[in-house]
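>
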Amino acid sequence: MISAAAFLDGLTVKNGSSWQGLWIFPVCLISPEFEKNGTEFSPLSEGIARGTARALETGSMERMLIVNNGPRPLAALEGETLEGGAQSRLISAGAAVAPGAEAELPSCCVEVRRWDCRPGAADPIPDDKKTFRRADFSMGSLRRARMASAAKSAGSGGLFAPNQKDVWEHIVRLFGESGAASRALDLHDLYEHWDAPIRSFCARFSAFHNQTGLIAFLDKDIWFADIFANRDLFLKYFRGVVRGHCFDALLRLERGHNVPPSKSPGPDSARDALKRIKLARSTSFEIASASGIFLSSPRILGCALTSSSSILHLSACSP
11 MISAAAFLDG LTVKNGSSWQ GLWIFPVCLI SPEFEKNGTE FSPLSEGIAR GTARALETGS
71 MERMLIVNNG PRPLAALEGE TLEGGAQSRL ISAGAAVAPG AEAELPSCCV EVRRWDCRPG
131 AADPIPDDKK TFRRADFSMG SLRRARMASA AKSAGSGGLF APNQKDVWEH IVRLFGESGA
191 ASRALDLHDL YEHWDAPIRS FCARFSAFHN QTGLIAFLDK DIWFADIFAN RDLFLKYFRG
251 VVRGHCFDAL LRLERGHNVP PSKSPGPDSA RDALKRIKLA RSTSFEIASA SGIFLSSPRI
311 LGCALTSSSS ILHLSACSP
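Counting from 11, one number per residue, gives the positions in the sequence shown under our numbering.
Set out below in structure tokens:
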């Protein structure tokens, strides 16, 4: 059995920060020499913005194509969202795309009321819908819902693919609870709805020295962890990951949800979460160009994009 523990030695959880029902604990290298992968990756959002990467529509909501025309390896990670195309998408499992290469990645739809492909046409994808215009990062609650749906699929003999209906239902619920307006119910409109308060919320959290990941809690039982290959890659994704958790915390505040002291997490809660990740049952997978390991136990969901000796990105959460 493959274990994530082999990739996670040399990491420790430190005291974190909290604000208005969100606790974030840094996962840090014990010392710099424990960093196993010093590769400098370009994040997908940066590649698209600079024109060195393209995210292309395939005409299937379960797949999207990433092309790397840049000089450095490109990170396209689980949890990243793509706006545009025939409909906005969420990457279900990631890949490191070499310079000059392309990767077809599994995805799901995060825009409930739009699908601009033309079935049966000679060219089913309209010219102005062939590319995605920018990349972002999803909120943890949606990533958890996608992972839970995918785990249910795997348990019934499926390919660890989420039920699209489960993803849509979660997005519709987020719009209903937040009061956000959107013609197409596009996930990205949720961030626009609360842009100013989210920015203010995010400013409460800063990266730590030697930090390569974080574990975010909404209370002692609801947590989400993201761990990256190295400090450089973590810093490139830090704000996007934190913003997603800030949205979830703001939504709970909007609903009047207060966390009692007995449910407030501390550093030991985060250390216990990291221990669960290390001990979780793991199985290898390959879906399109994505490969890595799935993590599954009664108390954890997750997946990790791995190389021979290191994790490029691990995402795991409470069920």
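C-beta: ideal position from N, C-alpha, C; glycine also.
Quick check on the burial criterion: 16 or more other C-beta atoms within 10 angstroms. Buried or exposed for His219?
His219 should be labelled exposed.
> Hey, is Glu296's beta-carbon within less than 9 angstroms of any beta-carbon in chain D?
Looking for chain D here will not work: only one protein chain is present.
> What runs of the alpha helix (DSSP H), each 4 residues or longer, lie entirely inside the stretch 139-166?
Complete alpha helix (DSSP H) runs here, min 4: 150-165.
> Based on the DSSP output, what are the partners of Thr49 in its beta bridges?
Paired residues: none, contrary to the question.
> Does DSSP classify Ile101 as helix, strand or coil?
Looking at Ile101 - three-state DSSP - the assignment turns out to be strand.
> Extract the residue ranges of the beta strand (DSSP E) inside the stretch 209-295, only unbroken runs of 3 or more that lie entirely within it.
The qualifying runs are 221-229 and 232-238.
> Following the continuous beta strand (DSSP E) through Val120, name the residue where it begins and the one where it ends.
From DSSP, Val120 is part of no beta strand (DSSP E); its letter is neither H nor E.
> Please identify the residue among Leu315, Gly302, Met149 and Ala113 whose C-alpha is closest to the C-alpha of Ile208.
Of the listed residues, the one whose Cα sits closest to Ile208 is Met149.
> Can the beta-carbon of Leu115 be found closer than 9 angstroms to that of Leu84?
Against a cut-off of 9 angstroms, the Cβ pair of Leu84 and Leu115 comes out as no contact.
> If distances are taken between C-alpha atoms only, which option among Leu289, Ser274 and Ser299 comes closest to Leu32?
Comparing Cα-Cα distances from Leu32 to each of Leu289, Ser274 and Ser299, the minimum goes to Ser274.
> For my contact list, Ala226 and His255 are in at a C-beta cut-off of 8 angstroms; report their separation, rounded to the angstrom.
Correct: roughly 4 angstroms between the Cβ atoms.
> Since Phe35 sits in a beta bridge, which residues does DSSP pair it with?
Ile225, per the DSSP bridge assignment.
> Do Trp204 and Ser188 have their beta-carbon atoms positioned less than 9 angstroms apart in this structure?
Yes.
> I'd like to confirm the pairing. Which residues does DSSP put opposite Cys313 in its beta bridges?
Phe304 and Ser325.
> Would you call the CB atoms of Ala283 and Ser320 closer than 9 angstroms?
No.
> Could you tell me the distance, in whole angstroms, from the CA atom of Ser27 to the CA atom of Arg286?
Near 22 angstroms, if we compare the C-alpha coordinates of Arg286 and Ser27.
> Could you check the C-alpha separation between Tyr201 and Thr316 for me, to the nearest Å?
Looking at the two C-alpha atoms, the distance is approximately 30 angstroms.
> Along the alpha helix (DSSP H) that carries Arg60, what are the first and last residues, could you check?
Where Arg60 is concerned, the enclosing alpha helix (DSSP H) stretches over Leu54 to Arg60.
> From the DSSP output, in three-state form, read off Ser192 for me.
Residue state, collapsed to three classes: coil.
> His1 to Ser325, Cα distance in whole Å?
Lying outside 11 to 329, the shown extent of the chain, residue 1 is not represented and no answer is given.
> So, with DSSP's three-state summary, where would you put Glu187?
If DSSP states are grouped into helix, strand and coil, Glu187 belongs with the helices.
> Let's test the definition: count the other Cβ atoms within 10 Å of the Cβ of Ile303 and tell me whether it reaches 16, buried, or not, exposed.
By the neighbour-count rule (16 or more Cβ atoms within 10 Å), Ile303 is buried.
> Comparing alpha-carbon positions, which option in Arg309, Ser299, Ser307 and Pro308 lies nearest Ala103?
With distances taken between Cα atoms, Ala103 lies closest to Ser299.
> How big is the Cα-Cα spacing for Val107 and Trp178?
Computed Cα separation, rounded: 28 angstroms.
> What do you reckon, are the CB atoms on Glu112 and Leu75 nearer than 9 angstroms?
Yes, the pair counts as a contact, with Cβ atoms nearer than the cut-off.
> In or out: Met175 buried (at least 16 other Cβ within 10 Å) or exposed?
For clarity, residue 175 is Lys in the given sequence; the question names Met instead. Exposed, because fewer than 16 other Cβ atoms sit within 10 Å of the Cβ of Lys175.
> Would you call the CB atoms of Val141 and Gly69 closer than 9 angstroms?
According to the sequence as given, residue 141 is Thr; it is not Val. Taking 9 angstroms as the Cβ cut-off, Thr141 and Gly69 do not qualify as a contacting pair.
> Please determine, among Val122, Arg143, Ala15 and Arg309, the residue with the shortest C-alpha to C-alpha distance to Arg60.
That would be Arg143, whose Cα lies nearest to the Cα of Arg60.
> How is Leu200 classed by DSSP in three states: helix, strand or coil?
Looking at Leu200 - three-state DSSP - the assignment turns out to be helix.
> Between the alpha carbons of Ile58 and Ser306, how many angstroms are there, rounded?
Rounded to the nearest angstrom, the two C-alpha atoms are 33 angstroms apart.
> With distances taken Cα to Cα, identify the nearest neighbour of Arg309 among Trp29, Arg291 and Pro271.
Checking every option, the nearest Cα to that of Arg309 belongs to Arg291.
> Contact check, Pro120 vs Thr91 under 8 angstroms by CB: the rounded distance?
The question names Pro, but residue 120 in the sequence shown is Val. That pair is a contact at about 6 angstroms.
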